[in-house]
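*Asks:*
Number of protein chains: 2
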Amino acid sequence: MTVKKIRFASAAVNFYFDAGMGALRSIADPKKTVLITDEHVYEAHRSRFRGWEIIVIPAGEASKVQATVDHIIQQLLGLGATRETVLAGVGGGVVTDITGYVASIYMRGISFGFIPTTVLALVDASIGGKNGIDVGPFKNMVGTIRQPLFILHDPAFLKTLPPAEWSNGFAEIIKHACIGDAPMFRKLEAGSLQGYMKGKKDLELLIRRNALLKAKVVQGDEWETGSRRLLNFGHTLGHAIENSYGLMHGSAVAVGMAFACHLSKKETGFRHEARVKALLEQYGLPTAFSFDAGKVMEVLQKDKKRAGSAIRFVLLEKIGRGVLSALSLSTLEEEIACWPS
Amino acid sequence: MTVKKIRFASAAVNFYFDAGMGALRSIADPKKTVLITDEHVYEAHRSRFRGWEIIVIPAGEASKVQATVDHIIQQLLGLGATRETVLAGVGGGVVTDITGYVASIYMRGISFGFIPTTVLALVDASIGGKNGIDVGPFKNMVGTIRQPLFILHDPAFLKTLPPAEWSNGFAEIIKHACIGDAPMFRKLEAGSLQGYMKGKKDLELLIRRNALLKAKVVQGDEWETGSRRLLNFGHTLGHAIENSYGLMHGSAVAVGMAFACHLSKKETGFRHEARVKALLEQYGLPTAFSFDAGKVMEVLQKDKKRAGSAIRFVLLEKIGRGVLSALSLSTLEEEIACWPS
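Respectively, the protein sequence lines represent chains A and B.
The first sequence lines up with residues 923 to 1263 when you count with the numbering used here.
The second sequence lines up with residues 923 to 1263 when you count with the numbering used here.
Shown next, in the form of structure tokens:
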């Protein structure tokens, strides 16, 4: 186990890399801690939850809604949770998002931590303090930014991760490579999903590299007024199609990245659209999707990144360098209408 | 109009004392601002809202629930509100609490300000950044602490305030006097509700004195880990009976203060229970209430101020000096069972 304390502007977070869930007892008092997990994780790892108070929610993005928040609050009241209670979210991005959100509003804020169980949550969702729930087709429309006390990595959870979830997580890894880590991009080109699924040490190092890359971006701009926005690469179109078409987050973001590369070609002279698309496909991710352009524009109008008649869009200048660009909604509308053909 | 900038640890708040709602145009851009108010305020002051986007919610504590939050979020989405939108709550404590809460979670946090229209909101609810909603009988069980950009006082709103609302606000004024301002306690003893209702200048000075007293307490302890807890004087029993019996907040807190004075007599040797009760009655407030002790204890078990088997309770040592005391739930149970007889 390696412990690393990362200081953000609002609070410090302890990362426990390559740890085991057993270590949780030394971090959080079982008498004051409530674990939140989903049905899939609970069914696959029942014995790991023994001795802890636990709230189980249905698995999947459909749970990331107010009704689940209401349910958890009722359970916490039933368990007699006080301001001293610590919530620990054990699961993927849905569980970590909803745990962080409930902890931010229950009794005006209690402490919380995460044990991410998917690649996506390990490299992305658990880091940076953003939490939230969806409102209809609008992703993360409601939420807060608040840092967890701790993030504990237990690689044992990945053993039961379905293959589609692996690709899902690699979408965010490829995103990190595109916006800020060209050497990692080349490493990924030389590797394969199967290789990482089997190579325990390589995987652990890749996860840590990505977790620290994201943490560093957040450190520089916790409240997302500047550089943190680069992490939205692929997420503007991605979010607009994800809930409307029931796509996995990684697939939606992969399509979004392919579209952003296409735009980058025109806007910044980016020359490696084909390489990015090839890498996405190498890791089992889609690079095109047939959607209703009108419907997508309707969702984009409500995007959190909109400012007046423009939207802050992340483009690539080259592999490893993302840039922010204010695109007018009308330009975006034209481009979306005739893409990918 | 007097402007005073108060710096809290997390943010600075501009107070506009003795202003008019017309000044709002110089503080907030009508194109980017949405006003939130309740039906009563809107009906009584319709012309003041002309030219502003507005969301009207039903009046009363029953609105301080998740369903109202959902409604406002849907309206904001419909209005195309972005991260640059500013919410301005125009109303009493329910409106300011719900406005602050929605602003804290919509798109992970947008800016907001208040125009408090009741004595209670002017001297208490609008100040300090606490917001929240009720969950069943549990007051403010869900919420955040986040400071508004501005608080604008327009005395014209008080002209339409019903008499019961005046007493409601004076409960918090008397609370402030009890815990930290003995000269104000004596001033209140020498005055009357009718006097303040008529004497515009006296009232304005009293409101400002209370707003600044509360702001000062919050400045010293924004996250309520110490001295801010004194503001809970009367609120522990008060909250436990308020929603269960449908009492007005001020009435419930007045009963809570009377009970806390009774406890103080035993615990700190406080000698002025009778004076506090007389002052409460002088301002039209109750000092006893017949409730089901078992039911009240059930709610107290879930109080946010509980820590293990004790509850942080505010007592008085003398008039103008509140103190924190950890009372065991069992002591509290005995005392509640045989009070007020």
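Even for Gly, the Cβ is constructed at its ideal location relative to N, Cα and C.
Is there at least one Cβ from chain B nearer than 7 Å to K1123(A)'s Cβ?
*Replies:* No, because no Cβ of chain B sits closer than 7 Å to the Cβ of K1123(A).
*Asks:* Please name the residue, chosen from S1026(A), A950(A), A1200(A), W974(A), that lies closest to V991(A) on a Cα-to-Cα basis.
*Replies:* Checked all of S1026(A), A950(A), A1200(A), W974(A); the closest Cα to V991(A) is S1026(A).
*Asks:* Who are the neighbours of R1228(B) on chain A, taking C-beta pairs under 7 Å?
*Replies:* Per Cβ cutoff of 7 Å: T1004.
*Asks:* Using a Cβ distance threshold of 8 Å, determine whether the stretch 978-985 of chain B contacts the stretch 958-967 of chain B, with at least three qualifying pairs required.
*Replies:* The answer is yes - the stretch 958-967 of chain B touches the stretch 978-985 of chain B, with three or more Cβ pairs under 8 Å.
*Asks:* In its own chain, which residues sit with a C-beta less than 8 Å from the C-beta of L1083(B), not counting the 5 before and 5 after it?
*Replies:* Once the five neighbours on either side are set aside, the close Cβ partners of L1083(B) are T1039, T1040, V1041.
*Asks:* Could you give the first and the last residue of the continuous alpha helix (DSSP H) run that contains A1200(A)?
*Replies:* Where A1200(A) is concerned, the enclosing alpha helix (DSSP H) stretches over 1195-1204.
*Asks:* Which two residues bound the contiguous alpha helix (DSSP H) that contains F1181(B)?
*Replies:* Per DSSP, F1181(B) belongs to the alpha helix (DSSP H) from 1171-1190.
*Asks:* Would the stretch 925-942 of chain B and the stretch 1134-1150 of chain B be scored as touching if the rule is three or more Cβ pairs under 8 Å?
*Replies:* These segments touch.
*Asks:* Between G1156(A) and A1176(A), how many whole angstroms is the CB-CB distance? I'm expecting something under 8 Å.
*Replies:* Going by Cβ atoms, the distance from G1156(A) to A1176(A) rounds to 7 Å, so yes, they are a contact pair.
*Asks:* With distance defined between alpha-carbon atoms, name the residue in S1114(A), V1045(A), H1194(A), E1087(A) nearest to V1140(A).
*Replies:* Ranking the options by Cα distance to V1140(A), first place goes to V1045(A).
*Asks:* According to DSSP, is S1247(A) part of a helix, a strand, or is it coil?
*Replies:* Strand at S1247(A).
*Asks:* Could you tell me if R972(B) is buried or exposed, where buried requires 16 or more neighbouring beta carbons within 10 angstroms of its beta carbon?
*Replies:* By the 10 Å Cβ count, R972(B) comes out exposed.
*Asks:* Could you give the DSSP three-state label for F1155(A): helix, strand or coil?
*Replies:* It is coil, neither helix nor strand.
*Asks:* CA-CA distance, E1203(A) and T1209(A)?
*Replies:* The alpha-carbon atoms of E1203(A) and T1209(A) are separated by roughly 7 Å.
*Asks:* Kindly list the residues whose CB is nearer than 6 Å to the CB of A1104(B), restricted to its own chain and excluding five residues on each side of it in sequence; keep chain order.
*Replies:* Closer than 6 Å at the Cβ level, and outside the excluded window around A1104(B), lie I1241, G1242.
*Asks:* Just confirm the distance between the C-beta atoms of G1014(A) and A1043(A), as a whole number of angstroms; I'd bet it's less than 8 Å.
*Replies:* Their Cβ separation, rounded to whole angstroms, is 5 Å, which keeps G1014(A) and A1043(A) in contact under 8 Å.
*Asks:* Is E975(A) helix, strand or coil when you go by DSSP?
*Replies:* Reduced to three states, the DSSP call for E975(A) is strand.
*Asks:* Under 8 Å, with one C-beta from each stretch per pair, do the stretch 1176-1191 of chain A and the stretch 1029-1036 of chain A reach the 3-pair mark?
*Replies:* No, the stretch 1176-1191 of chain A does not touch the stretch 1029-1036 of chain A.
*Asks:* Between which two residues does the beta strand (DSSP E) carrying V925(A) extend?
*Replies:* Taken as a continuous stretch (DSSP letters only), the beta strand (DSSP E) holding V925(A) covers 924-929.
*Asks:* What does F939(B) pair with, by DSSP beta-bridge criteria?
*Replies:* T924(B), per the DSSP bridge assignment.
*Asks:* Going by beta carbon distance, what residues of the same chain come within less than 6 Å of I1067(B), once the five residues before and after it are set aside?
*Replies:* Taken in chain order, the residues that qualify are G1051, K1052.
*Asks:* I want to verify the contact list: residues of chain A whose CB lies under 8 Å from the CB of S1033(B), in sequence order.
*Replies:* Under the 8 Å cutoff, chain A gives no residues; its nearest Cβ is about 12 Å from S1033(B).
*Asks:* Identify every run of the alpha helix (DSSP H) within the stretch 942-1000 of chain B, keeping only runs that are complete inside it and at least 4 residues long; order them along the chain.
*Replies:* Listed in chain order, the complete alpha helix (DSSP H) runs (minimum 4 residues) inside the stretch 942-1000 of chain B are 946-949, 961-966.
*Asks:* Check whether the Cβ of L999(B) lies closer than 7 Å to any Cβ atom in chain A.
*Replies:* Yes, because at least one Cβ of chain A sits closer than 7 Å to the Cβ of L999(B).
*Asks:* How would you call E1220(A), buried or exposed, if buried means at least 16 neighbouring beta carbons within 10 angstroms?
*Replies:* Exposed, by the Cβ-count rule.
*Asks:* At a cut of 8 Å, does the stretch 1059-1073 of chain A reach the stretch 1093-1107 of chain A through at least three beta carbon pairs?
*Replies:* With the cut-off at 8 Å, the stretch 1059-1073 of chain A and the stretch 1093-1107 of chain A do not touch.
*Asks:* Counting only runs of 4+ residues fully inside the stretch 1205-1232 of chain A, write out the alpha helix (DSSP H) ranges in chain order.
*Replies:* With a minimum length of 4 residues, the continuous alpha helix (DSSP H) runs that stay inside the stretch 1205-1232 of chain A are 1215-1223.
*Asks:* Is any beta-carbon of chain B found at less than 7 Å from that of G1148(A)?
*Replies:* Not closer than 7 Å to any Cβ of chain B, the Cβ of G1148(A) fails to qualify, so no.
*Asks:* In terms of alpha-carbon separation, which member of E1094(B), A1010(B), T924(B), W1088(B) lies closest to Q1069(B)?
*Replies:* It is A1010(B) whose Cα lies nearest to the Cα of Q1069(B).
*Asks:* Between L1207(A) and G1178(A), is the Cβ-Cβ spacing less than 7 Å?
*Replies:* Against a cut-off of 7 Å, the Cβ pair of G1178(A) and L1207(A) comes out as no contact.
*Asks:* Beta carbons nearer than 8 Å to chain A: which residues of the stretch 1062-1085 of chain B have them?
*Replies:* Hits within the stretch, in order: N1062, M1063, V1064, G1065, T1066, I1067.
*Asks:* With 7 Å as the threshold, decide whether the Cβ of M1029(A) is near any Cβ in chain B.
*Replies:* At least one chain B Cβ lies under 7 Å of M1029(A).
*Asks:* Which residue's Cα is closest to the Cα of R1131(B): I1095(B), G1121(B), A1162(B), C1100(B)?
*Replies:* Looking at the Cα atoms, I1095(B) is the closest of the given residues.
*Asks:* Going by beta carbon distance, what residues of the same chain come within less than 6 Å of A1162(A), once the five residues before and after it are set aside?
*Replies:* Contacts found: V1218, V1221, L1222.
*Asks:* Using a Cβ-Cβ cut-off of 7 Å, state whether K1120(B) counts as contacting chain A.
*Replies:* So no, K1120(B) is outside the interface.
*Asks:* Report the partner residues of Y1028(A) according to the DSSP bridge assignment.
*Replies:* V1064(B), per the DSSP bridge assignment.
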